[in-house]
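Beneath this line is the structure, given in structure tokens, with notes to follow.
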DNA sequence: ATATATTATCGTAATATTGCAATATTAAAT
DNA sequence: ATTTAATATTGCAATATTACGATAATATAT
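Residue numbers (the working numbering), protein chains in the order written: chain P, 1 to 107; chain L, 1001 to 1107.
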């Protein structure tokens, strides 16, 4: 075996885990932070900015895209994309909600 | 090749990614949520609660322990532990801070 | 239409993760 | 000291992730 038993967990838990998995790599954290802090759209400076090979950056971007965090135009020369704000805020709320429930009486 | 190039990223990015990696599995999300919502300490009902084998739960707990989210007694019969509140709040702030910086002018 | 620049995809190697059976360790109770 | 119950560790198989070279696809400019 060795495959995640996703079926025994709730949809909510699986979704939060899936988002966390995208954030579970420093390159993707760096990419997300860089894009989210740009004034407008991104145009092909990520490879220089991050320091990984172009195919690797492309793959990381694809992972981020999969959870809906990017919008814009992706393919061809001069790609132009940015953070999907609605999704960004949605994920922010998801993490906030996860962290805001904790009981304080403890050993 | 095939190993993460952690050295090319900032400490902050690596640390957030490391925490996200712990959250990147539905079992660990479920475990964290369950423990954090308990009134007091946990005493050996996680295996029934989650539905994975005992060694697997033990390994997941160990991952959570590594990032400092658990405190209490871990070994032997009747283990007794709970969420480390300080660390929990620290991580909450880290995610909050990550998500709170985003520019709104976009394509 | 061709050349040029940019991003995507394929293939592959190295490593990491996930899960559990078997076994070991630990601590309390008898 | 033995037994018993609970957790940890080991070993291993299946799968997933990470990275990049080579190559393909895409789009703009000439």
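The C-beta atom is built at its ideal place from N, Cα and C for all residues, glycine as well. Every value quoted in this text rests on a predicted model; they were computed, and no experiment measured them.
| Query | Result |
| --- | --- |
| Is it true that the region 5-20 of chain P meets the region 1016-1030 of chain L, where meeting means three or more beta-carbon pairs spaced less than 8 Å apart? | yes |
| Name the two residues that bound the continuous beta strand (DSSP E) containing residue 71 of chain P. | 70-73 |
| Is residue 50 of chain P closer than 8 Å to residue 67 of chain P when the C-beta atoms are compared? | no |
| Could you give the DSSP three-state label for residue 1042 of chain L: helix, strand or coil? | strand |
| Going by the DSSP bridge assignment, what does residue 34 of chain P pair with across the sheet? | None; residue 34 of chain P has no bridge partner. |
| Quick one: is residue 1 of chain P buried, meaning 16 or more other Cβ sit within 10 Å of its Cβ, or exposed? | Low confidence applies to residue 1 of chain P: its pLDDT is 44, below 50, so where it sits in the model is not reliable, and the reading given next is rough at best. So residue 1 of chain P counts as exposed. |
| Closest to residue 79 of chain P by C-alpha separation, out of P:85, P:70, P:63, would be which residue? | P:70 |
| What residues in its chain sit with their C-beta under 8 Å from that of residue 1073 of chain L, if we drop five residues either side in the sequence? | 1079, 1080, 1081 |
| By the DSSP assignment, the alpha helix (DSSP H) with residue 57 of chain P in it spans what residues? | 54-66 |
| Assuming residue 1099 of chain L and residue 92 of chain P make a contact with CB atoms under 8 Å, what is their CB distance in whole Å? | 4 Å |
| Based on DSSP bridge pairs, tell me the residues matched to residue 125 of chain P. | Absent from the model: residue 125 of chain P. The displayed extent of chain P is 1 to 107, so no value can be given. |
| Under a three-way DSSP split, which group does residue 99 of chain P fall into? | helix |
| Got a sec: is the Cβ-Cβ distance from residue 1070 of chain L to anything in chain P below 8 Å? | no |
| What residues from the region 1007-1022 of chain L come within 7 Å of chain P, judged by C-beta to C-beta, listed N to C? | 1008, 1009, 1013, 1014, 1016, 1017, 1020, 1021 |
| Could you spell out where the alpha helix (DSSP H) holding residue 1021 of chain L opens and where it closes? | 1011-1022 |
| Spatial neighbours of residue 58 of chain P within its chain, please: CB distance less than 8 Å, with the 5 preceding and 5 following residues excluded, ordered by chain position. | none |
| Give the interface partners of residue 24 of chain P over in chain L, defined as CB-CB distance under 7 Å, in chain order. | 1017, 1020, 1021, 1024 |
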